[in-house]
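A.B. asks:
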Amino acid sequence: MSMDPLLLPVTQPPPEISDDKRLKSVPDKLSELPLEPYIASGSDTDTASEPEPESEPEPEPQSDMKLEPEQESESESESEPELDPRADWELIPIEKLTVNDLASRYDDDPSLFSFGCPQFVYKNKAFLKSEEDIIKARAEYRKLSRGMSPFDAIPIPPLALACCSSYIHPMTITERRRPLLTYLSKLALKKFNAKNKGSNYVFDELVKACYRRIPLATYYITFKAKDAAHPHTSDNPATTFQAHVWNKLGGKSVVKSCSIKT
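Residues in the sequence shown are numbered from 1 upward in steps of one, following UniProt numbering.
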């Protein structure tokens with residue numbers, strides 16, 4: 001059934017509250033709430049607090065044993081002045097230097113020592129003794145080799161070789177030296193055949209060799225050769241030759257002489 005609109009209840013809206021009154025009422029209500037103490041748990045503090053940066057490991061201090069040598073070396077370098085590497089007599093002006101300045105230092109030194117300047121020449125006892133030994137060794141060698149052919153040179157004493165290169169040395173025919181000595185022997189034999197008409201010798205074998213350093217690469221070679229026109233038999237042994245050849249460096253080898261050994 002239809003109702004009369006005039007008989008329906010009328011609802012009134014709640015009274016409006018202004019913003020100022022609303023703001024004032026909030027703190028009053030909050031103040032009425034009971035306040036309880038708040039204790040933060042460990043999990044809360046971990047999440048709330050910022051993470052601390054990881055601390056770097058501190059370097060271990062070096063032991064005193066390692067520092068002491070460095071400190072000592074530094075202190076020594078600071079305390080000790082740099083020494084002059086020259087001997088005391090080398091600091092004396094040359095015009096004021098005397099024999100006694102050297103004799104007091106080197107006379108009894110076992111090492112050889114000599115010094116020369118415009119005023120004097122000094123030699124210590126060891127140097128003078130060495131000179132005497134060299135003179136004796138050379139005299140003995142000259143006595144033994146007097147009248148000896150250069151093709152038959154004898155070993156030279158080491159002391160006799162000091163400061164001297166003109167002596168003739170015997171040499172060992174090694175596999176390394178053999179090709180050169182064979183070549184020089186054939187070269188000398190070729191000159192011998194050309195000089196002596198009718199000769200036709202061919203190289204057979206090396207016997208021995210000697211050399212001299214002055215002129216450089218001078219050789220005295222003894223070798224055997226056989227006559228190509230006659231068979232080599234016990235009744236017809238090989239002939240021994242001696243050749244003096246200069247193997248010039250950077251030039252042609254020069255045959256000084258080649259002859260049959262008598």
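All residues carry an ideal CB built from backbone N, CA and C; glycine is no exception. None of these values were measured; they are calculated from a predicted model.
1. Please state if the CB of C210 and the CB of I168 are separated by a distance shorter than 8 Å.
2. Pull up the DSSP beta-bridge partners for C258, would you.
3. To which residues of the same chain is A126 closer than 8 Å at the C-beta, ignoring the five residues directly before and after it?
4. Run the CB neighbour count on F203, radius 10 Å, all protein chains shown included, and call it buried at 16 or more, exposed below.
5. Is it right to say A104 is buried, meaning 16 or more other beta carbons lie within 10 angstroms of its own, or is it exposed?
6. Measure the beta-carbon distance from A243 to V255 and round it to whole angstroms, keeping in mind my assumption that it falls under 8 Å.
7. A194 to A229, Cα distance in whole Å?
8. Which runs of the alpha helix (DSSP H), 4 residues or longer, sit entirely within the region 170-239?
9. Three-state secondary structure (DSSP) at K123?
10. Could you have a look at S104 and say whether DSSP puts it in helix, strand or coil?
11. Report the three-state DSSP secondary structure of I168 (helix, strand or coil).
12. Taking just the CA atoms, how far does A139 sit from N100?
13. Is it buried or exposed, F241, if we count other Cβ atoms within 10 angstroms and call 16 or more buried?
14. Would you mind working out which of S166, I134, P155 and F223 sits nearest S185, comparing C-alpha positions?
15. Rounded to the nearest angstrom, what separates T218 and L102 at their Cα positions?
16. Could you check what DSSP says for L249 in three-state terms: helix, strand or coil?
17. Should R212 go down as buried or exposed, given a rule of 16 or more other Cβ atoms within 10 Å for buried?
18. Just mark K252 as buried or exposed, buried being the case when its beta carbon has 16 or more other beta carbons within 10 Å.
19. Roughly how many angstroms lie between the CA atoms of D133 and F115, to the nearest whole one?
20. Applying the criterion that 16 or more other CB atoms from any shown protein chain within 10 Å of the CB defines a buried residue, is A160 buried or exposed?
21. Would you kindly work out how many angstroms separate the C-alpha atoms of F151 and E205, rounded to a whole number?
22. Keeping to the same chain, check which residues put their C-beta closer than 8 Å to that of D201; ignore five residues upstream and five downstream.
23. State the beta-bridge partners of E149 as determined by DSSP.
24. So what's S130 in DSSP terms, helix, strand or just coil?
25. Assuming S114 is part of the beta strand (DSSP E), what are its boundary residues?
26. For L180, I'd like the list of residues in its chain whose CB is within less than 8 Å of its CB, leaving aside the five on either flank, ordered along the chain.
27. How about I260 and V245: are their beta carbons less than 8 Å apart?
C.D. replies: Well, looking at it:
1. yes
2. Partner(s): A243.
3. Only D109, P110, S111, L112 and F113 meet the Cβ criterion.
4. buried
5. Note on residue identity: the sequence assigns Ser, not Ala, to residue 104. That one is exposed.
6. Distance from A243 to V255 at the Cβ level is roughly 7 Å; contact confirmed, criterion being Cβ atoms closer than 8 Å.
7. Using only the alpha carbons, I get a separation of about 16 Å.
8. 178-195
9. strand
10. Residue state, collapsed to three classes: helix.
11. Looking at I168 - three-state DSSP - the assignment turns out to be strand.
12. Distance between the alpha carbons of N100 and A139: 33 Å.
13. F241 comes out buried.
14. F223
15. Between the alpha carbons of T218 and L102 lies a gap of roughly 43 Å.
16. coil
17. Label assigned to R212: buried.
18. exposed
19. 20 Å
20. buried
21. Taken atom to atom, the span from the alpha-carbon of F151 to that of E205 is near 16 Å.
22. A small correction: the amino acid at residue 201 is Tyr; Asp does not occupy that position in the sequence shown. Shown here for Y201: same chain residues with a beta carbon closer than 8 Å to its own, the five before and five after excluded, namely L189, F192, N193, A225, K226, D227, A228, T239 and F241 in chain order.
23. According to the sequence provided, residue 149 is Ser. The question's Glu does not apply to it. S149 is not bridged to any residue.
24. helix
25. S114 to G116
26. Within its own chain, the residues whose Cβ lies closer than 8 Å to the Cβ of L180, once the five positions on either side in sequence are excluded, are N247, listed in chain order.
27. no
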